[in-house]
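Heads up, the thing below is written out as structure tokens.
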Amino acid sequence: PLTSQDVGPSYLSLVLHSDQPALPISTPVVQVYPNPFRSAVTIDFELKIPGFVQLSIYDLLGREVAKLAASTRNTGNHLTTFDGSGLVPGIYFIVVEVDGLRTKHTLIKH
3 PLTSQDVGPS YLSLVLHSDQ PALPISTPVV QVYPNPFRSA VTIDFELKIP
53 GFVQLSIYDL LGREVAKLAA STRNTGNHLT TFDGSGLVPG IYFIVVEVDG
103 LRTKHTLIKH
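In this note's numbering, the protein residues as written are 3 to 112.
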């Protein structure tokens, strides 16, 4: 193992006191398919720990066009299918928020 004598104390200090936050364990892994889509799209997300999930779709102007979930979900995989046949073709955003941590994915409607 390296010691502070091998590399200097300032190097070890930088490694041990990183400014980069660790990836939160509650950040969901999200897959969206098919993308682009014509009518229905599936949102598949995995939770490493249980949490309060909010799942919404927004247009380019930031308006919420659909709220697909707002409930506590258990650990594991979760599938949600959205019927987007009523949406006009364009670009949308799927936002998955778990306990306040957001992930955003671009969705293209043909």
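Backbone N, C-alpha and C fix where the C-beta goes; we use that ideal spot for every residue, glycine too.
- In the same chain as F39, and ignoring 5 residues on each side of it, the C-beta atoms closer than 8 Å to its own belong to G86, L109, I110, K111 and H112, in chain order.
- In this model, E66 and N76 are separated by some 25 Å (Cα to Cα).
- Contact annotation: L57 and L70 have beta-carbon atoms nearer than 7 Å.
- Between the alpha carbons of N79 and G92 lies a gap of roughly 28 Å.
- Nearest neighbour of L103 by Cα position, chosen from I51, T83, Y60 and L89, turns out to be I51.
- Of the candidates T105, T83 and G88, the residue whose Cα lies closest to the Cα of P36 is T83.
- When DSSP states are grouped into helix, strand and coil, R65 belongs to the coil group.
- I51 sits in coil when the DSSP states are folded into three classes, being neither helix nor strand.
- Taking each of L63, G53 and I59 in turn and checking the Cα distance to D101, the smallest one comes out for G53.
- The beta carbon of P30 sits closer than 7 Å to the beta carbons of F47, E48, L49, V98, V100 and T105 from its chain, once the five residues preceding and following it are set aside; these are given in chain order.
- In the three-state scheme derived from DSSP, where H, G and I count as helix and E and B as strand, D85 is classed as strand.
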